[in-house]
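In my numbering, the protein residues as written are -6 to 336.
Since the structure comes first, as structure tokens, the remarks are kept for the end.
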Ligand SMILES: [Fe+2]
Ligand SMILES: [Fe+2]
């Protein structure tokens, strides 16, 4: 929006568009890419979807770290499938951001230069094999708790991407839980390794829901636009309530001496979160910030030839189709994809 447009009072036409948008959101209808939307709604969605997409692809790194050392063929196959799923999630989400007019190159450039963030959780290291289990159970579990309500988000392409992502995330959560269950029923050393991983991942997982409600700058507006459906603290409480009985079933403990059932609230009370640690990691001072970003930049540079080759191939196919098309024939008839065009 230009400065002039922002300064003057909205025209009658603009007011009508805004009223139609407000009515659609109030009626729980989906906003689609072709629909008019306020510039701030578009910008807020781009910011959120891009940060989400970046988290998916950066999140591949801590677990990919264990693919070569998975203890069995079965575990290796599961972990490879999971890491590939995360790449796919990134793809759906960058696609959703593109429907809002944000270029993928531009978003990746913002990630690589630190102008857009990804989830801080991926700046922690994966020290043992049990970390793969703790990430699946807790990190993917927290992601699901955050993301299930996004399936009803007011922006259509984001909501639809989330439906598919959530199905895959629930597989991720279960494989992590099952991995930890195997370890906790194993030898004493395996049980201790599982407990240590849970001790290290529990608090960072609670931080994944973002700052407390009274310090969350974007929350109120996102709720009004029905991008967000629940507050950070509500979702965090929901996650704690889900995890406590699961930890018990695993035979593991959660590292919080203040955890106790509150009969009156009908929820588990839990201890204070170290928000200073959260802010430090967010600022770039977590254990792996440097490593994650430099690996991401390197992967992007190493993949340049693939992107160039794919673009050259697409241009060649388009030129061939144009040349094969008899003059005057509508493009839809000659340009149907064939086995050859796709190979
Ligand atoms: Fe994911
Ligand atoms: Fe996942």
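Glycine is no exception: its CB is placed at the ideal position from the N, C-alpha and C atoms.
Remember, it's a predicted structure, so these values are computed and weren't measured experimentally.
Any heavy atom of ligand 1 closer than 7 Å to the beta-carbon of residue 158?
yes
Spatial distance of residue 147 from residue 186 (CA atoms)
42 Å
Given that a residue counts as buried once 16 or more other Cβ atoms are within 10 Å of its Cβ, and exposed if not, what is residue 169?
buried
For residue 253, which beta-bridge partners are listed by DSSP?
262
For residue 102, count neighbouring C-beta atoms within 10 Å of its own C-beta (all shown protein chains included) and say buried if the count is 16 or more, exposed if not.
exposed
Between which two residues does the alpha helix (DSSP H) containing residue 141 stretch?
First-last for residue 141: undefined, no H or E at that position.
Looking at C-beta atoms only, is the number of pairs between the segment 96 to 116 and the segment 173 to 185 that lie closer than 8 Å three or more?
no
Alpha carbon to alpha carbon, how far is residue 80 from residue 158?
11 Å
Look up residue 24 in the DSSP assignment and give the residues it is bridged to.
148
For a minimum of 4 consecutive residues, which ranges assigned as the alpha helix (DSSP H) are wholly contained in the segment 103 to 180?
123 to 127, 134 to 140 and 149 to 177
Mark residue 233 as exposed unless 16 or more other C-beta atoms lie within 10 angstroms of its C-beta, in which case mark it buried.
buried
In this structure, how does DSSP classify residue 284 when only helix, strand and coil are distinguished?
helix
Pick from 279, 89, 36 and 287 that is closest to residue 154, judged by C-alpha positions
89
Return the CA-CA distance between residue 48 and residue 318, expressed in angstroms with no decimal places.
43 Å
For ligand 1, is there a heavy atom less than 7 Å away from the beta-carbon of residue 78?
yes
Return the Cβ separation of residue 195 and residue 250 in integer angstroms, given the expectation that the two are a contact with Cβ distance under 8 Å.
Contact flag wrong, Cβ pair sits at about 12 Å.
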